[in-house]
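Everything on this sheet refers to the single structure shown next.
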Amino acid sequence: EFLALRLVNGSDCAGRLEVFYNGTWGSVCSNRMSQLAAGTACKHLGCGDSGETASDFRYGRGSGPTWLDHIECTKEHSSLWQCQSDPWNPQSCDNRAEETHISCHGRKEGMSPTTFAECPNSSSCSDREKLRVTGGEDGCSGRVEIWHQGSWGTVCDDSWDMADANVVCKQLGCGSAVSALSEAAFGEGTGPIWLEKVHCKGTELSLWDCSAQPLLSKNCDHKEDAAVNCSGYSPLGHQALYLLLLHFHSDPSHHPAADSTRISTPVIICIILGGLLCLVLAILAGQIQRARAQQR
């Protein structure tokens, strides 16, 4: 399940720190919460690169679970999910006095106050726009990346298999999966690693319909970025092209004379054969790309 972060009872960049986990918003405990960790939370929220914890509890007490405690970040971390912490626990704090209150030194510019960051260049985005593959020769092969919390991040290859790859290819409109690749086959990504242990049945229409775990520890790094090779075509699209050509050929309104109909028949057959040839070449290209990736 995807996570979210927010500051409440203050402003976009000041308030009581809360995380969304297991379908519920909850507080974060302040034990071991350093100024560096507070700055990482501010950076995560797009509120500048620094911040500090407030000790006067000016932003009130929470009422839900207290999800996280003992968060420890380093200067390299740009997201709170990259930091070390205790395991998720709805009773992480001993009492409400341990809840974290933060004041960031920056502020959001031109951003929506909604919980989830908007997709690139759009006020609202589809599941398709939240997914991409990079590092390959086209938009149907490469390292799998997802858009979350205002940035693109990768997927860990733990348990990554053909069922997962098939869902990605289908979501991208790239046909079926030729291979599910691991160990950064298309190069190492940068930024967050948003998910690990993705488990799809292969019948899902979107990667978001599959079960997965957010990456909250250092169990995975970018050397384990997941990737896919897709066949690069949509069988449905070729079928639609065939039906369109068939309709065009059978509709007399498109033919000025009987002679032109006789002439167009071999042309249409050539177009259909050309489409089949493209299909074979796409599959062959995918297999070649797979071989190259395995050689790396």
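Counting along the sequence shown from 1, when you hit position 194 you're at 194 in full-length UniProt numbering, and nothing is skipped either side. We put the CB at the ideal spot given by N, CA and C, even for glycine.
Buried or exposed by the 16-neighbour rule on C-beta atoms within 10 Å, applied to residue i
i, result
"residue 337", "The chain is shown only over 1 to 296; residue 337 falls outside these bounds and no answer can be derived."
"R143", "buried"
"Q239", "Legend: pLDDT at Q239 = 39, less than 50; position of this residue unreliable, value from coordinates given subsequently. Exposed is the call here."
"I146", "buried"
"R292", "exposed"
"F57", "exposed"
"residue 297", "The displayed coordinates of the chain run from 1 to 296. Any statement about residue 297 would go beyond what the structure contains."
"S123", "Annotation note: pLDDT 44 at S123 (below 50); position unreliable, coordinate value reported separately. Exposed."
"R32", "exposed"
"E196", "buried"
"N22", "exposed"
"Q82", "buried"
"T74", "exposed"
"D94", "exposed"
"S55", "exposed"
Backbone CA spacing between residue i and residue j [nearest angstrom]
i, j, result
"C270", "L276", "10 angstroms"
"C230", "A177", "4 angstroms"
"L243", "I268", "Bear in mind that the predicted position of L243 carries a pLDDT of just 41, short of 50, making it too unreliable to give a figure here."
"L284", "G232", "10 angstroms"
"E137", "F186", "10 angstroms"
"V228", "A212", "17 angstroms"
"G60", "G191", "33 angstroms"
"C47", "K170", "36 angstroms"
"T24", "G153", "23 angstroms"
"G106", "S27", "22 angstroms"
The beta strand (DSSP E) enclosing residue i, as first and last residue numbers
i, result
"Q213", "S211 to P214"
"C104", "H101 to C104"
"G51", "G51 to T53"
"A177", "A177 to L181"
"A184", "Note, A184: premise wrong, no beta strand (DSSP E); not H, not E."
"T74", "Where T74 is concerned, there is no enclosing beta strand (DSSP E), given that its DSSP letter is neither H nor E."
"F57", "Run containing F57: none; DSSP gives neither H nor E here."
"R16", "A14 to Y21"
"S151", "S151 to V155"
"S141", "S141 to H148"
Start and end residues, alpha helix (DSSP H) containing residue i
i, result
"H199", "H199 -> not in any alpha helix (DSSP H); beta strand (DSSP E) instead, spanning I193 to H199."
"residue 302", "What is shown of the chain runs 1 to 296, which leaves residue 302 out entirely."
"A163", "M162 to L172"
8 angstroms contact criterion, which residue i and residue j should meet: CB distance rounded
i, j, result
"W208", "H148", "Incorrect: roughly 10 angstroms between the Cβ atoms, too far for contact."
"A14", "I102", "7 angstroms"
Under 8 angstroms, with one C-beta from each stretch per pair, do the stretch 64 to 71 and the stretch 81 to 99 reach the 3-pair mark?
Cβ pair count under 8 angstroms is three or more, so yes.
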